Amino acid sequence: MKKACVIIGAAPCGNPLEQRAYIEAGSFVICADGGYRNAQQMGVSPDLLIGDFDSAPLPDLPGVPVKTFPEEKDDTDTMLAVKYAVGKGFGRITVLCGTGGRLDHTIANLDALVFAAKAGVPALLADGNNEVRVLLGGGSVILPRREGCKLSAFAYGGEVTGVNYIGLKYPLHDATLVPGIPLGVSNEWVWEKAQVSIDSGVLLLVSSKM
Numbered sequence: 001m002k003k004a005c006v007i008i009g010a011a012p013c014g015n016p017l018e019q020r021a022y023i024e025a026g027s028f029v030i031c032a033d034g035g036y037r038n039a040q041q042m043g044v045s046p047d048l049l050i051g052d053f054d055s056a057p058l059p060d061l062p063g064v065p066v067k068t069f070p071e072e073k074d075d076t077d078t079m080l081a082v083k084y085a086v087g088k089g090f091g092r093i094t095v096l097c098g099t100g101g102r103l104d105h106t107i108a109n110l111d112a113l114v115f116a117a118k119a120g121v122p123a124l125l126a127d128g129n130n131e132v133r134v135l136l137g138g139g140s141v142i143l144p145r146r147e148g149c150k151l152s153a154f155a156y157g158g159e160v161t162g163v164n165y166i167g168l169k170y171p172l173h174d175a176t177l178v179p180g181i182p183l184g185v186s187n188e189w190v191w192e193k194a195q196v197s198i199d200s201g202v203l204l205l206v207s208s209k210m
């Protein structure tokens, strides 16, 4: 199995222990810009620092390599980290501390998830309260029940066709979801595992604590 990569962003993180629970033993940890501060709160040592370090000063962490970029660039620091992880062939990516701060950066992190998914790397954006995944056309995913959570699905960037749910309270069969109409919000697990599949498009799957 290919190694997992965890990217820690600079957004407010909430409970550090909840965040650390997403970091598997042996994961390669990248801190995006000021994400090293969140890593310190979690008690995690990064393997790489990436960013322009405009939101936090470049730290002195002996033995930790740094990739610096100019402030005026096309990618966010988190996207730079995601592109690095994809380019290095990691098997899956988890982005922590990527929500709860600036809304524009949260949306940019959703774009980063889609980028990773289209490159063939499963990616998760998590903050303890929420988990966001991307499902591409022709794909299917099994989602274990998260107690006390709702599951929502959103068409991202265009219509999503052939949407099918199994194991959810409000089923869909060969349905079409379109941007601007949140038909897929706030579903509930009725089985221990739910299955979602689509024929075409890009679907965001969001599991949120109630």
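Under UniProt numbering, the letters of the sequence shown match residues 1 to 210, in that order.
All residues carry an ideal CB built from backbone N, CA and C; glycine is no exception.
All values derive from a computational prediction rather than experimental measurement.
Helix or strand or just coil, what does DSSP make of residue i?
i	result
P122	coil
Y165	strand
V132	strand
F115	helix
I107	helix
M1	The predicted position of M1 is uncertain, since its pLDDT is 48 and thus under 50; a value taken from the coordinates is nonetheless stated next. Correct three-state label for M1: coil.
T76	coil
G51	strand
V160	strand
Between residue i and the rest of its own chain, which residues show a CB-CB distance below 8 Å, the 5 nearest in sequence each way excluded?
i	result
P70	D52
R37	A10 and A56
residue 218	Nothing about residue 218 can be reported from this structure: the residues present for the chain run from 1 to 210 only.
Near residue i, which residues of its chain fall below 6 Å by C-beta distance, leaving aside the five closest residues on each side in sequence?
i	result
P65	L48
S140	S197
By Cβ distance, which residues of its chain are closer than 7 Å to residue i, with the 5 residues on each side in sequence left out?
i	result
G137	I198, D199, S200 and G201
L135	V141, V196, I198, L203 and L205
Could you tell me if residue i is buried or exposed, where buried requires 16 or more neighbouring beta carbons within 10 angstroms of its beta carbon?
i	result
R102	exposed
P57	exposed
T94	buried
M1	Residue confidence is low: M1 scores 48 on pLDDT, short of 50, so the model does not pin down where it sits. No coordinate-derived value is stated.
S186	exposed
E131	buried
R133	buried
I8	buried
Please check the pair residue i and residue j, which I expect to be a contact at CB under 8 Å, by giving their CB distance rounded to whole angstroms.
i	j	result
residue 213	V6	The chain is shown from 1 up to 210; residue 213 falls before or after that span and cannot be answered.
Inspect the CB distances between the stretch 150–164 and the stretch 115–124 and report whether three or more fall short of 8 Å.
no
Any contact of the stretch 14–28 with the stretch 95–115, i.e. 3+ C-beta pairs under 8 Å?
yes
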